[in-house]
Amino acid sequence: MIDFPLPRLQPQEAAVYAALGLKSGSRPSSRSSALLQRALELFQTCSEPLGLCAAIASDEFADVFSGQGRNAPVTPLKKIFPRADSLHLFAFTMGARISEEIKRLFASDDFALGSVLDAVASLAADQAGRVAEEWIERQDTEQKNSSLPRAFLYSPGYCGWHISAQEKLFARLRPEKIGITLNESFLMSPLKSISGVLVTGPAEIHQFSEVYPFCAHCKSPACRERGMARSA
Amino acid sequence: MKILKQIAQCLESGDEAGVPPLVRQALAEGIVPKNILDDGLIAGMNTVGEKFRVHEIFLPDVLLAAKAMYAGMDVLKPLLLSAGVSSRGRVVIGSVQGDLHDIGKNLVGIMLKGAGFEVIDLGNDVAAEKFVAAAKSNDASVIGMSALLTTTMPVMKEVVDLLKKESLSGKIKTIIGGAPVSQNYAGEIGADAYGYDCAQAVAGVKKLAAAVQ
Numbered sequence: 003m004i005d006f007p008l009p010r011l012q013p014q015e016a017a018v019y020a021a022l023g024l025k026s027g028s029r030p031s032s033r034s035s036a037l038l039q040r041a042l043e044l045f046q047t048c049s050e051p052l053g054l055c056a057a058i059a060s061d062e063f064a065d066v067f068s069g070q071g072r073n074a075p076v077t078p079l080k081k082i083f084p085r086a087d088s089l090h091l092f093a094f095t096m097g098a099r100i101s102e103e104i105k106r107l108f109a110s111d112d113f114a115l116g117s118v119l120d121a122v123a124s125l126a127a128d129q130a131g132r133v134a135e136e137w138i139e140r141q142d143t144e145q146k147n148s149s150l151p152r153a154f155l156y157s158p159g160y161c162g163w164h165i166s167a168q169e170k171l172f173a174r175l176r177p178e179k180i181g182i183t184l185n186e187s188f189l190m191s192p193l194k195s196i197s198g199v200l201v202t203g204p205a206e207i208h209q210f211s212e213v214y215p216f217c218a219h220c221k222s223p224a225c226r227e228r229g230m231a232r233s234a
Numbered sequence: 003m004k005i006l007k008q009i010a011q012c013l014e015s016g017d018e019a020g021v022p023p024l025v026r027q028a029l030a031e032g033i034v035p036k037n038i039l040d041d042g043l044i045a046g047m048n049t050v051g052e053k054f055r056v057h058e059i060f061l062p063d064v065l066l067a068a069k070a071m072y073a074g075m076d077v078l079k080p081l082l083l084s085a086g087v088s089s090r091g092r093v094v095i096g097s098v099q100g101d102l103h104d105i106g107k108n109l110v111g112i113m114l115k116g117a118g119f120e121v122i123d124l125g126n127d128v129a130a131e132k133f134v135a136a137a138k139s140n141d142a143s144v145i146g147m148s149a150l151l152t153t154t155m156p157v158m159k160e161v162v163d164l165l166k167k168e169s170l171s172g173k174i175k176t177i178i179g180g181a182p183v184s185q186n187y188a189g190e191i192g193a194d195a196y197g198y199d200c201a202q203a204v205a206g207v208k209k210l211a212a213a214v215q
């Protein structure tokens, strides 16, 4: 289990505005600012962050990764994980209450507040991935006394790793223990949950220049940017 | 008319409490509900959509305006129904099978209602067959599909192919959107339109619905 203190997960106001489409340099209206304050209050009261992490051997992960055999023929992760120092399966949820609150807001036509809370919760879930990455990096540094290992989270559903791999990931990690379940389409409930594998090793293993067929449809190439940014 | 302009401006400022009294005032002045809808509420939402398109305002402002629109519609809806005024058309929307992300789809639905469309929202994780069956049974002219995962995008093609197979492509048009989706992808799979954001999606649906009629 990893500790996820809420203040570390709460996104910066500027990040929420950017996620909602506010152009850089623009100022939100006073009505929008008031909405964000209300959303942040709800975030504080409705969040129940819980995470789960477990080490996995490379050959065992190869089986999880292959899932139901529906991955893209070539993927970055297939080349990255065999070079890792360590691998950890990971799942995290913001809890059911916040997703239910977002649903309730939309159902009662309070969609302005609902969409702002949704953006806050999504950013917080993303931030949880970064918290886990840093936690694993600290663990690896302490255990191996190596310098600056880099941990990055890779998730089914992205970069050619088919979402059906969730089935094997869940069978091994059992995120049901923290309240995350999978539906028949391999999607997680509560909605504001993330899962995947934390791949730890020298920064260069995460870097790649190949353009894969699925990259053509990707508008948020964070996989590439984060490897470059944090290795600098 | 001055009151219709006031309604539009009140809606644009997201004043949910202010719109209904103005709508009632317009009715009291003898303006027919259809004109209040078209030249007050929808006109206001069109301005909001345009300001959003040019980044003059951002999403929460649009949604506050939409909420004000709904408040005005609560007053008008029974009168429009009794006058037999039909909607601008029916649109079936949903997030494709394998995708639980529905915020973008919800926002498009809100904006479509604001533009005068009747929206049949199938929710998320919707199979191709369900999209087509719902469009047929509801006599919808447009299917709007959303995907946030690259791995779920192929379901959009399944819908397009299914419509072709059932010879419905001319009667039921398709529009797609979502983070990994692009104009190129729409062309690649034979979808009729692509919406980069909710404002563009509404503009696309308007064109498609007009083409079908």
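Residue numbers (the working numbering), protein chains in the order written: chain Y, 3 to 234; chain E, 3 to 215. Backbone N, C-alpha and C fix where the C-beta goes; we use that ideal spot for every residue, glycine too. All values reported here derive from a predicted model rather than from experimental measurement.
Nearest to residue i by alpha carbon, out of the options?
i	options	result
Y/Glu136	Y/Lys179, Y/Ala16, Y/Thr202 and Y/Cys48	Y/Thr202
E/Ala70	E/Ile191, E/Gly116 and E/Val56	E/Gly116
Y/Glu139	Y/Ser88, Y/Tyr160 and Y/Gln70	Y/Ser88
E/Val183	E/Thr152, E/Ala212 and E/Ser169	E/Thr152
Y/Cys217	Y/Ala16, Y/Thr77 and Y/Pro7	Y/Thr77
E/Phe133	E/Ile105, E/His103 and E/Leu164	E/Leu164
Y/Asp112	E/Met158, E/Ala130 and E/Val64	E/Val64
E/Val50	E/Ile95, E/Cys200 and E/Pro80	E/Cys200
By the criterion of Cβ-Cβ separation under 7 Å, what are the contact partners of residue i in chain E?
i	result
Y/Phe108	Asn108
Y/Phe216	Thr152
Y/Lys25	His57
Y/Leu193	Leu102
Identify the contact partners of residue i in chain Y, using a Cβ-Cβ distance below 9 Å as the criterion.
i	result
E/Lys69	Asp111, Asp112, Phe113 and Ala114
E/Ser39	For the sequence presented, residue 39 of chain E should be read as Leu rather than Ser. Within chain Y, no residue comes near E/Leu39; the closest Cβ sits about 18 Å away, beyond 9 Å.
E/Gln99	Ser187
E/Leu13	Residues of chain Y passing the Cβ test: none, with the nearest at roughly 13 Å.
E/Gly197	By Cβ distance, chain Y contributes nothing, its closest Cβ being about 14 Å from E/Gly197, past 9 Å.
Report buried or exposed for residue i, applying the criterion of at least 16 other Cβ atoms within 10 angstroms of its Cβ.
i	result
Y/Asn2	Chain Y is shown only over 3 to 234; residue 2 of chain Y falls outside these bounds and no answer can be derived.
Y/Leu22	buried
E/Met155	buried
Y/Ala234	Because Y/Ala234 sits at a pLDDT of 38, beneath the cut-off of 50, its placement in the model cannot be relied upon, and the following sentence gives the value as read from the coordinates. Exposed: under 16 other Cβ atoms inside 10 Å.
Y/Asn185	exposed
E/Leu13	buried
E/Lys7	exposed
Y/Gly159	buried
E/Lys175	buried
Y/Ser28	exposed
E/Gly42	buried
E/Asp104	buried
Y/Leu189	buried
E/Val1	Because chain E is modelled from 3 through 215, residue 1 of chain E falls outside the range shown and cannot be assessed.
Based on DSSP bridge pairs, tell me the residues matched to residue i.
i	result
E/Met47	Per DSSP, none; premise fails for E/Met47.
E/Lys175	E/Val144
Note down, in chain order, every chain E residue with its Cβ under 8 Å from the Cβ of residue i.
i	result
Y/Lys80	The premise fails here: Y/Lys80 is roughly 15 Å from chain E at the closest Cβ pair, so nothing lies under 8 Å.
Y/Asp120	Ile105
In chain Y, which residues lie with their C-beta within 8 Å of the C-beta of residue i?
i	result
E/Leu151	Gly159, Tyr160 and Ile165
E/Asp259	This structure gives no information on residue 259 of chain E, because the portion of chain E shown stretches from 3 to 215.
E/Asp127	Asn185, Ser187 and Leu189
E/Phe60	Tyr19, Leu22, Gly23, Leu24, Lys25, Ser28, Pro30 and Ser34
By the criterion of Cβ-Cβ separation under 7 Å, what are the contact partners of residue i in chain Y?
i	result
E/Tyr72	Asp111
E/Leu66	Arg33 and Ala114
E/Ile112	Phe113
E/Gly16	Arg33
Could you name the residues of chain E that residue i contacts, counting a contact when the two beta carbons are closer than 9 Å?
i	result
Y/Leu91	In chain order: nothing, as chain E lies at least about 19 Å away.
Touching or not, the segment 156–167 of chain Y and the segment 63–72 of chain Y, by the rule of three or more beta carbon pairs under 8 Å?
yes
Closer than 8 Å is the cut-off here; do at least three beta carbon pairs connect the segment 83–97 of chain Y with the segment 169–182 of chain Y?
yes
Is the segment 102–116 of chain E touching the segment 64–80 of chain E, taking contact as three or more C-beta pairs under 8 Å?
yes
I want to know whether the segment 47–67 of chain E touches the segment 82–93 of chain E - three or more CB-CB distances under 8 Å.
no
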